[in-house]
Amino acid sequence: HKKQFTREDRDQRCHQLMLAKNATGYRNLMKLCSLGYIEGFYSKYPRIDKELILKHHEGLIATTCCLAASVPRTILRKGEEAGLEEFKWWLDLFGEDYYIELQRHGIPEQDQVNEVLLRWAKQFNVPVIASNDSHYVDQQDANAHDILLCINTGEKQSTPKAKDFDDEMGKPKGTRFAFYNDEFFFKTQAEMAATFSDVPEALDNTNAIVDKVEVLKLKQDILLPHYAIPEGFTDQDEYLTHLTYQGAVQRYLNGDGGVDSL
């Protein structure tokens, strides 16, 4: 995983939704998450690549995801031909566990991508599902969410919003990141049915994914790693106490008193 980039050679990453449908998929999902942090972490983002997905995709369900995912992004930036090539890579790998995901937030680029995806759904007989990119519970929470974005990015709400920009090249000067509108909330079943009234099968297929996922009985035990204890210590607790005092000496002792006085 590349970890050094320049202004000309930027880090290119995208979103991707993958769901575990059984125990094997759950283990692979954990593996991918761990590798994303251990091997692929760059800046503030854990990352995985296609090589890892090829190796650990068994038992997983994947979708075309949102506008920030590889297939929609390729359609918008490189055209349908390149987008179709990207789409086929995922379809060939996941087969019946690959779904075309539709989202409708009133974004023009999203409508453009959805039109292409619906054509491909018919052409390649890929089931369509519907989702809403939910970042807050209720629609009236949109302003509170926007305030949190400002806190996170160190901006003021009065700064003009940059709703349309290339995240690789950055937002225009004098603007701030903001969501397109207030449609990014947890919609009710009725609201979703109204939004996707022209493709009702998308809601049925979303429920079909739920039926496909096996119920897992995960252990509730506290699973802690076992470390070899050096000679001179009877158990892990005694060794941990030793390390704690040793660390306290290094961090806090300034010559005015012993560790026991801390």
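Position one of the sequence shown corresponds to residue -18 (our numbering), numbered consecutively onward. Ideal placement from N, C-alpha and C gives every residue a C-beta, glycine not left out. The structure presented is a predicted model; accordingly, all values stated were derived computationally and were not measured.
- DSSP, read as helix, strand or coil, puts Ala209 in coil.
- By the Cβ-count criterion, Gln138 is exposed, with fewer than 16 other Cβ atoms from all chains shown falling within 10 Å of its own Cβ.
- Looking at the backbone, the Cα of Asn186 and that of Ile132 are separated by about 38 angstroms.
- Taking C-alpha positions only, Pro108 is separated from Ala183 by approximately 8 angstroms.
- Straight across, the Cα-Cα distance linking Lys25 with Gln(-7) is about 14 angstroms.
- When DSSP assignments are scanned along the stretch 17 to 56, the uninterrupted stretches of alpha helix (DSSP H) that are 4 or more residues long and fall wholly within it turn out to be 31 to 36.
- Beyond the five residues adjoining it in sequence on each side, Glu77 comes within less than 6 angstroms, by CB distance, of no other residue in the same chain.
- Between Leu(-2) and Ala43, the beta carbon gap of about 7 angstroms places them in contact (Cβ cut-off 8 angstroms).
- For Tyr233, no beta strand (DSSP E) run applies; the uninterrupted alpha helix (DSSP H) run containing it begins and ends at Gln217 to Tyr233, by DSSP.
- In the DSSP assignment, the residues bridged to Ile81 are Val109.
- Distance from Ala171 to Ala159 at the Cβ level is roughly 28 angstroms; contact not present, criterion being Cβ atoms closer than 8 angstroms.
- Lys142 carries a strand assignment under DSSP once its states are collapsed to helix, strand and coil.
- In this structure, the CA atom of Asp73 is about 26 angstroms from the CA atom of Arg85.
- Measuring C-alpha to C-alpha distances from Phe177 to each of Ile110, Lys152, Cys47 and Arg157 identifies Ile110 as the nearest.
- In this structure Leu33 does not touch Leu0 by the C-beta definition: roughly 17 angstroms separates them, more than the 8 angstroms allowed.
- Straight across, the Cα-Cα distance linking Asn106 with Leu199 is about 35 angstroms.
- Secondary structure at Arg58: helix, using DSSP grouped into helix, strand and coil.
- Taking the C-beta atoms as reference points, Phe165 is found nearer than 9 angstroms to Asp114.
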